[in-house]
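**Q** Note that the protein sequences, when read in sequence, are chains A and B.
Each residue of the first sequence is one higher than the one before, counting from 21 in the numbering used here.
Each residue of the second sequence is one higher than the one before, counting from 54 in the numbering used here.
Dumping the structure here so I can ask a few things about it.
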Amino acid sequence: MGSVAHKRLGRRPTLGGREAPSHGEGRALPGVAAGRSGWAARAVLTTALLVATSAFAADVLDPNALKRLVHQDCGSCHGLTLKGGLGPDLRAQNLQHYDVDVLTGVILDGIPDTAMPPWRPLVTEEEAEWIAHYLLEPEDQ
Amino acid sequence: MKRFALGLMAALMMSAAQAEPTATGDLGLVIERATGSVLLVDQSDRAALARIEGLGDLSHASLVYSPDERFAYVFGRDGGLTKVDIVTRQIAGRVVQAGNAIGGAISDDGELVAVSNYEPGGVRVFDADTLEMVADIPTGSKTIGLVDAPGRRFVFTMWDTGETWIADFVGGAPEITKIEDMGRNPYDALITANGRTYITGLFGEDGLTALDLWSDSPEPIRVLPGYGRGQEEMPVYKMPHLEGWALTGREFVLPAVGHPQVLWVDAETLTETGRTQTHGQPVFAMARPDGRQVWVNFAHPLNDTIQVIDSVSKQIIHEFKPGPAVLHMEFTPRGHEVWISVRDANKVMVYDTQTFEKLREIEAESPSGIFFTARAHRTGL
Numbered sequence: 021m022g023s024v025a026h027k028r029l030g031r032r033p034t035l036g037g038r039e040a041p042s043h044g045e046g047r048a049l050p051g052v053a054a055g056r057s058g059w060a061a062r063a064v065l066t067t068a069l070l071v072a073t074s075a076f077a078a079d080v081l082d083p084n085a086l087k088r089l090v091h092q093d094c095g096s097c098h099g100l101t102l103k104g105g106l107g108p109d110l111r112a113q114n115l116q117h118y119d120v121d122v123l124t125g126v127i128l129d130g131i132p133d134t135a136m137p138p139w140r141p142l143v144t145e146e147e148a149e150w151i152a153h154y155l156l157e158p159e160d161q
Numbered sequence: 054m055k056r057f058a059l060g061l062m063a064a065l066m067m068s069a070a071q072a073e074p075t076a077t078g079d080l081g082l083v084i085e086r087a088t089g090s091v092l093l094v095d096q097s098d099r100a101a102l103a104r105i106e107g108l109g110d111l112s113h114a115s116l117v118y119s120p121d122e123r124f125a126y127v128f129g130r131d132g133g134l135t136k137v138d139i140v141t142r143q144i145a146g147r148v149v150q151a152g153n154a155i156g157g158a159i160s161d162d163g164e165l166v167a168v169s170n171y172e173p174g175g176v177r178v179f180d181a182d183t184l185e186m187v188a189d190i191p192t193g194s195k196t197i198g199l200v201d202a203p204g205r206r207f208v209f210t211m212w213d214t215g216e217t218w219i220a221d222f223v224g225g226a227p228e229i230t231k232i233e234d235m236g237r238n239p240y241d242a243l244i245t246a247n248g249r250t251y252i253t254g255l256f257g258e259d260g261l262t263a264l265d266l267w268s269d270s271p272e273p274i275r276v277l278p279g280y281g282r283g284q285e286e287m288p289v290y291k292m293p294h295l296e297g298w299a300l301t302g303r304e305f306v307l308p309a310v311g312h313p314q315v316l317w318v319d320a321e322t323l324t325e326t327g328r329t330q331t332h333g334q335p336v337f338a339m340a341r342p343d344g345r346q347v348w349v350n351f352a353h354p355l356n357d358t359i360q361v362i363d364s365v366s367k368q369i370i371h372e373f374k375p376g377p378a379v380l381h382m383e384f385t386p387r388g389h390e391v392w393i394s395v396r397d398a399n400k401v402m403v404y405d406t407q408t409f410e411k412l413r414e415i416e417a418e419s420p421s422g423i424f425f426t427a428r429a430h431r432t433g434l
């Protein structure tokens with residue numbers, strides 16, 4: 021028969037015995053919008069990393085990764101098949117009145133006062149242009 | 054002929070002898086978004102049992118269960134409403150009811166299934182048995198945040214017009230109460246487990262709006278006006294979901310829009326009680342059923358990570374990376390395990406919520422939503 025481990029609670033200040041690992045920004049700060057600088061720094065860092073990664077791959081755009089981005093991530097608003105959701109229908113037949121530059125600009129900088137965010141922090145200009153071409157002529161890519 | 058009949062009879066008797074009744078209480082379905090299929094899973098065995106195919110475009114799909122936990126009603130993005138029999142593991146009925154849908158709900162008595170649609174905007178209500186349409190409620194807007202409420206009611210909200218409507222089906226034809234001025238661009242909503250409070254998150258302004266459904270004429274109640282949404286516009290790469298806002302003790306926890314934070318709100322007074330900084334913009338902030346932990350996943354490109362927050366200290370107690378594109382989490386009804394869909398790993402992963410140890414990986418095709426049958430007995434799920 022195994023022995024029974026008794027644990028007495030409430031004697032020691034560290035009740036429960038397990039201390040939460042400390043986390044830089046994990047503290048609750050009622051009413052204070054703290055951590056923005058942290059977020060900004062991280063965003064810049066993320067951007068820098070992405071830019072660096074993209075720069076290495078400047079001549080080799082990864083069409084599969086970009087297609088995945090379009091269908092999975094743009095798709096969270098525009099639908100996996102791009103026929104629209106909270107965001108508008110992005111199928112080629114509905115975009116023919118836009119040229120590549122306009123679409124590239126929308127991808128990079130978003131549309132103010134709508135849910136369309138600027139993707140500049142996450143994609144390069146070359147990648148945005150590739151996506152614009154892909155949206156207009158999916159068969160060619 | 055006689056021999057054939059005897060053989061047939063023997064076969065029937067044999068299958069009858071083997072046919073144990075299927076208990077569904079620990080089963081669940083996983084949406085496989087790219088292949089239009091659902092995976093039937095067994096929570097106790099931590100295993101996949103069967104794949105059911107032919108459900109159309111399941112990106113952003115969700116489902117609800119019949120009160121007997123036999124049928125699932127799956128709401129597809131393409132407007133498909135599919136009734137899946139998890140006992141026979143077959144599709145029991147399917148209608149394509151709109152061009153572009155976003156979710157659904159089942160009435161408290163299990164007789165009506167409602168679907169909210171982007172195109173044409175509105176809500177359509179179907180007989181849960183036959184899938185015949187019993188009501189069509191155009192709203193002139195993309196319609197979101199559809200939930201069931203006690204008393205054979207559905208509540209839903211309009212992205213474009215900022216109204217919430219309550220459709221009461223007690224008398225057969227729906228009686229509709231319209232509440233204006235809920236706020237600009239509501240993007241999702243939830244109802245508390247007791248069916249009293251409906252809260253919608255706003256994309257177009259800084260805050261949320263609540264309704265007291267116990268009131269005879271519910272009025273919009275502003276919640277956390279100025280929590281930060283509008284101070285400094287942050288790009289939002291994925292709208293947060295509100296489904297997981299469970300009560301943790303006396304508080305709700307919910308994802309901030311555009312900020313790497315979850316917000317804590319007192320359930321009685323609807324005032325802010327704290328914030329926890331998170332790894333990225335939260336998508337789901339889901340409380341374990343006992344409320345002791347909150348598990349958070351994040352928007353692209355930080356969607357490989359999960360953080361776990363202790364609801365007493367509001368501190369992050371654990372962080373790990375299950376894999377690329379963590380889309381959804383579902384707790385076992387008593388919270389001892391959590392199932393996590395990792396889309397780009399093509400796996401569902403099962404973790405112990407106490408030790409955080411990974412217990413199992415289950416193969417699935419681009420898994421997204423995970424839904425256990427215990428949801429059948431919860432208002433708002």
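Glycine residues also receive a C-beta, built at the ideal position from the N, C-alpha and C atoms.
#1: Can you give me the C-alpha to C-alpha distance between B:F256 and A:G99, rounded to a whole angstrom?
#2: Ignore the nearest five residues each way along the sequence and tell me which others in B:Q346's own chain have a CB closer than 6 Å to its CB.
#3: Can a CB atom of chain B be found closer than 7 Å to the CB of A:G125?
#4: Helix, strand or coil for A:H153? Go by DSSP, reduced to three states.
#5: Quick check: the stretch 385–403 of chain B against the stretch 318–332 of chain B, are there 3 or more CB pairs under 8 Å?
#6: Using a Cβ-Cβ distance under 7 Å, would A:S74 count as near chain B?
#7: Please list the partners that B:P288 has in chain A, where partner means a Cβ-to-Cβ separation under 8 Å.
#8: Which chain A residues sit within Cβ distance under 9 Å of B:F337?
#9: Whole beta strand (DSSP E) runs in the stretch 302–339 of chain B with 3 or more residues, listed along the chain?
#10: Taking just the CA atoms, how far does B:A352 sit from B:V336?
#11: Quick check on DSSP: helix, strand or coil for B:H371?
#12: On the DSSP bridge list, what partners appear for B:K400?
#13: List, in chain order, every chain A residue whose beta-carbon is nearer than 8 Å to that of B:K195.
#14: What is the residue span of the beta strand (DSSP E) that B:L80 lies within?
#15: Which of the residues in the stretch 76–94 of chain B, read from start to end, lie with their CB under 9 Å from any CB of chain A?
#16: Tell me whether the beta-carbon of B:A242 lies closer than 7 Å to the beta-carbon of B:T210.
#17: Return no unless some Cβ of chain B is closer than 7 Å to the Cβ of A:L69.
#18: Can you check whether the CB of B:V365 is closer than 7 Å to the CB of B:A338?
#19: Got a sec: is the Cβ-Cβ distance from B:N170 to anything in chain D below 7 Å?
#20: If we count the other Cβ atoms within 10 Å of its Cβ and call it buried at 16 or more, is B:T385 buried or exposed?
#21: Using a C-beta to C-beta distance shorter than 9 Å, which residues of chain B count as neighbours of A:L81?
#22: With a 10 Å radius around its C-beta and 16 neighbouring C-beta atoms as the bar for buried, classify A:K103 as buried or exposed.
#23: Considering only their Cβ atoms, is the gap separating B:F128 from B:V83 smaller than 7 Å?
#24: Check the Cβ-Cβ distances between B:K13 and every residue of chain A, and say whether any is below 7 Å.
#25: Taking contact to mean at least 3 C-beta pairs separated by less than 8 Å, is the stretch 76–95 of chain B in contact with the stretch 411–423 of chain B?
#26: Touching or not, the stretch 155–175 of chain B and the stretch 195–209 of chain B, by the rule of three or more beta carbon pairs under 8 Å?
#27: Using a Cβ-Cβ distance under 7 Å, would A:T101 count as near chain B?
#28: How do the stretch 225–236 of chain B and the stretch 144–159 of chain B stand: do at least 3 beta-carbon pairs fall below 8 Å, yes or no?
#29: How far does the beta strand (DSSP E) with B:N350 in it extend, from its first residue to its last?
#30: Alpha carbon to alpha carbon, how far is B:A340 from B:D121? Give it in angstroms, no decimals.
#31: In angstroms with no decimal places, state the Cα-to-Cα distance between B:V306 and B:V318.
#32: Given a threshold of 16 other Cβ atoms within 10 Å of its Cβ, counted over all protein chains shown, does B:P313 qualify as buried or as exposed?
#33: Since A:N114 is in the alpha helix (DSSP H), which residue starts that stretch and which ends it?
#34: Enumerated in chain order, which unbroken segments of the alpha helix (DSSP H) with a length of 4 residues or greater are wholly contained in the stretch 85–114 of chain A?
#35: Looking at the secondary structure, which residues open and close the alpha helix (DSSP H) in which A:L128 lies?
#36: Indicate, with yes or no, if the ligand ADP has a heavy atom lying under 6 Å from the CB of B:D189.
**A** So, from the data block:
#1: 19 Å
#2: The answer, listed in chain order, is V361.
#3: no
#4: helix
#5: no
#6: Note that A:S74 scores 45 on pLDDT, short of 50, meaning its location in the model is unreliable; the coordinates nonetheless yield the value given after this. No, no contact with chain B.
#7: G130, P137, P138, W139, P141
#8: Within chain A, no residue comes near B:F337; the closest Cβ sits about 13 Å away, beyond 9 Å.
#9: 304–308, 314–319, 325–330
#10: 6 Å
#11: strand
#12: B:V395, B:E416
#13: L106
#14: For B:L80, the enclosing beta strand (DSSP E) stretches over residues 80–85.
#15: For the stretch 76–94 of chain B, the beta-carbon criterion of a distance under 9 Å to any beta-carbon of chain A is satisfied by R86, A87.
#16: yes
#17: Confidence in A:L69 is poor, its pLDDT being 43 and thus under 50, which makes the residue's placement too unreliable to answer from.
#18: no
#19: The structure shown contains no chain D; its protein chains are A and B.
#20: It counts as buried.
#21: Those do not exist, as A:L81 stays about 17 Å from chain B at its closest Cβ, beyond 9 Å.
#22: buried
#23: no
#24: Residue 13 of chain B lies beyond the stretch modelled for chain B, which goes from 54 to 434, so this question has no answer here.
#25: yes
#26: Below 8 Å, enough C-beta pairs join the stretch 155–175 of chain B and the stretch 195–209 of chain B to call them touching: three or more.
#27: For A:T101, the answer is yes, since a Cβ of chain B falls inside 7 Å of its Cβ.
#28: no
#29: B:N350 -> beta strand (DSSP E) spans 346–351.
#30: C-alpha separation (whole angstroms): 25 Å.
#31: 6 Å
#32: buried
#33: It is not in any alpha helix (DSSP H) - A:N114 carries neither H nor E in the DSSP assignment.
#34: 95–98
#35: 120–129
#36: This structure does not include the ligand ADP; it has no bound ligands of any sort.
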